[in-house]
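Residue numbers (our numbering): 151 to 612. Glycine is no exception: its CB is placed at the ideal position from the N, C-alpha and C atoms. Just so we're clear, the structure is a prediction, and the values are computed from it rather than from any experiment. One structure is given below, encoded as structure tokens.
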Ligand code: F6P
């Protein structure tokens, strides 16, 4: 048997991997490396020490890379058939499991679990099986495998059957639904998800709240956690990386351009999100409109810098939401704008350097999701902002557990309350703002990505 084991000592599995490929006009492949917590976490170990990242080929460039045998050390891309991936990712992961955990359904008409759902679920199973088989093939005897997120809930159970010798973990980057909402899923599917995850030795969550919700679902629906351990690891921002990166030349250039858009001497309210239904961008804009309408003293003196980067545009509901964000921003500019003042500066083209420039200029950071696993923007802006910022933070973001004390806290559905919170945040004096921002930065960087990852690895090994 031993001869059939692979070589990897530490494995990570996720839908989106650390690298993606693009086919250039001359036919060459261009690799683009992504950022984020997992990337810096795993690079703390690296391929030389036997670490392997198993991920999905997403799009034509990635598929072409797999076909040509092009790849990076320490990364294995799975070329699951495009239609199977689309059903699993768009159909089940993003339109069902994401909606359940973020409680996004308009319940009088959604969800509808019919024959089409069952067909897509079969693809989700096949997609999860492809990951379990790849991990089983690549893992050395007794290796540790940490599976990521709601795309891959069935992998731990499948992998346990294939390779009982492994130490298996799973980490959820989303909230977990309360039991009454979770049980909207058909009973057999809810059970399959929970039992799939309970195939792991250890399950990780971003906050105690999401961990407790998962435990409650297991107690109500499958008789408890069995032998599976639960851990809470609140991923923090990477202070060293952010401080260095935010002072590079491209960020300085974008700061100059943004300053010109904002105008001299004005306060800035900054938000940076994927254009994601759960981020509550539209209510944030409505709150800003109410601020300008109800407190005219802020007109001409403040600008709302909103970066809303495209996300999941294969789904109509995301495209519609993106259009709504644009529409409301335009309405505000038409209603209040003057020759020298554009109240909302909205950008939709993804640009990391420009995001950092906005962070540096932020007087107020607006983070008002209706539900969010953590929200790293809330942790990043206080680290980067030049003068310190006041954080307006939704109590429904995971980050609230760590940052709530020093933030201006809002109920994300309460538009008037959020308008008042913006006024309060804009009114904080420079000294207090800097103090609060310092405390937020310290709390938000307490568990940097590499430590976050190693902490889980140690827990699984011990
Ligand atoms: O929050 C869960 C998550 O998978 C994050 O890890 C990631 O930032 C986000 O969703 C991205 O989603 P997608 O891969 O669909 O763009």
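With 16 other Cβ atoms within 10 Å as the buried cut-off, status of residue i
| i | result |
| --- | --- |
| residue 563 | exposed |
| residue 598 | buried |
| residue 160 | buried |
| residue 210 | exposed |
| residue 546 | buried |
| residue 611 | exposed |
| residue 447 | exposed |
| residue 151 | Because the pLDDT at residue 151 is just 46, under 50, the model does not fix this residue reliably, and the value given afterwards should be weighed accordingly. Flag for residue 151 reads exposed. |
| residue 404 | buried |
Counterpart residues of residue i in DSSP-defined beta bridges
| i | result |
| --- | --- |
| residue 480 | Looking at the DSSP assignment, residue 480 forms no beta bridge with any residue, so it has no partner. |
| residue 488 | 491 |
| residue 419 | 454 and 514 |
| residue 326 | Note: residue 326 sits in no beta bridge, so no partner. |
| residue 320 | 297 and 353 |
| residue 203 | 162 and 225 |
| residue 114 | The structure shown does not extend to residue 114, since the chain spans only 151 to 612, so no value can be given for it. |
| residue 251 | Per DSSP, none; premise fails for residue 251. |
| residue 578 | The partner list for residue 578 (beta bridge, DSSP) is empty, contrary to what the question assumes. |
| residue 182 | 170 |
| residue 459 | 424 |
Residue i: CB within 8 Å of a non-hydrogen atom of the ligand F6P
| i | result |
| --- | --- |
| residue 245 | no |
| residue 561 | no |
| residue 606 | no |
| residue 461 | yes |
| residue 299 | yes |
| residue 357 | no |
| residue 424 | yes |
| residue 581 | no |
| residue 323 | yes |
| residue 521 | no |
| residue 278 | no |
| residue 483 | no |
| residue 430 | no |
| residue 186 | yes |
Within 9 Å, strictly: CB atoms of residue i and residue j
| i | j | result |
| --- | --- | --- |
| residue 316 | residue 289 | yes |
| residue 384 | residue 353 | no |
| residue 462 | residue 252 | no |
| residue 300 | residue 248 | yes |
| residue 420 | residue 509 | yes |
| residue 285 | residue 313 | yes |
| residue 544 | residue 533 | no |
| residue 492 | residue 411 | yes |
| residue 296 | residue 321 | yes |
| residue 507 | residue 441 | no |
| residue 306 | residue 360 | no |
| residue 502 | residue 191 | no |
| residue 553 | residue 541 | yes |
| residue 240 | residue 464 | yes |
| residue 162 | residue 204 | yes |
| residue 236 | residue 273 | yes |
| residue 276 | residue 246 | no |
| residue 531 | residue 495 | no |
| residue 357 | residue 574 | no |
| residue 561 | residue 434 | no |
| residue 538 | residue 587 | yes |
Exercise. Let me know the beta strand (DSSP E) ranges lying completely inside the stretch 390 to 443, each 3 residues or longer, listed in chain order.
Key: 417 to 424
Practice problem: Enumerate, from N- to C-terminal direction, the unbroken alpha helix (DSSP H) stretches of 4 or more residues contained entirely within the stretch 265 to 293. | Solution: 265 to 288
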